[in-house]
Every structure is written in structure tokens, then in C-alpha cells.
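Following: one structure in C-alpha cells, then a few remarks.
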Amino acid sequence: MNFNIEIAKMLEVISKDATARRFAYVVVILSFIFGMAWVLPDLINAIRG
1 MNFNIEIAKM LEVISKDATA RRFAYVVVIL SFIFGMAWVL PDLINAIRG
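Residues in the sequence shown are numbered consecutively from 1, following the numbering used here.
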């Protein structure tokens, strides 16, 4: 299984379909928010301590 081909196919579908593009943006934003929520408490404690 070649990941580059899979990613290229996925990007091709996303670039064609508006719904897929919106879904991709939502996934990216949610993962960013989740990542920040996961990292921030440790960061705040490190700055405080």
C-alpha cells in the first residue's frame, strides 16, 4: 500500500467535491483545537511552575 498514492487520490477527491473540502477543513480545525487543548494545560503548568 503506497501512502503517497492514497493521499493523492484523497486530495483529488477533496479538490473536486465542495462537501469533502468542507469536511477536510472541519477535521483539520477540530484536530488543531484538540491538540491545543491537550498541550495547553501542560504548557500553562510549565510556565507557572
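Just so it is clear, CB atoms sit at the ideal spot from N, CA and C, and this is done for glycine as well.
D42 by DSSP, collapsed to three states: which one? helix
Local conformation of N2 per DSSP, three classes: If DSSP states are grouped into helix, strand and coil, N2 belongs with coil.
Measuring straight from C-alpha to C-alpha, what distance separates F3 and V13? 15 Å
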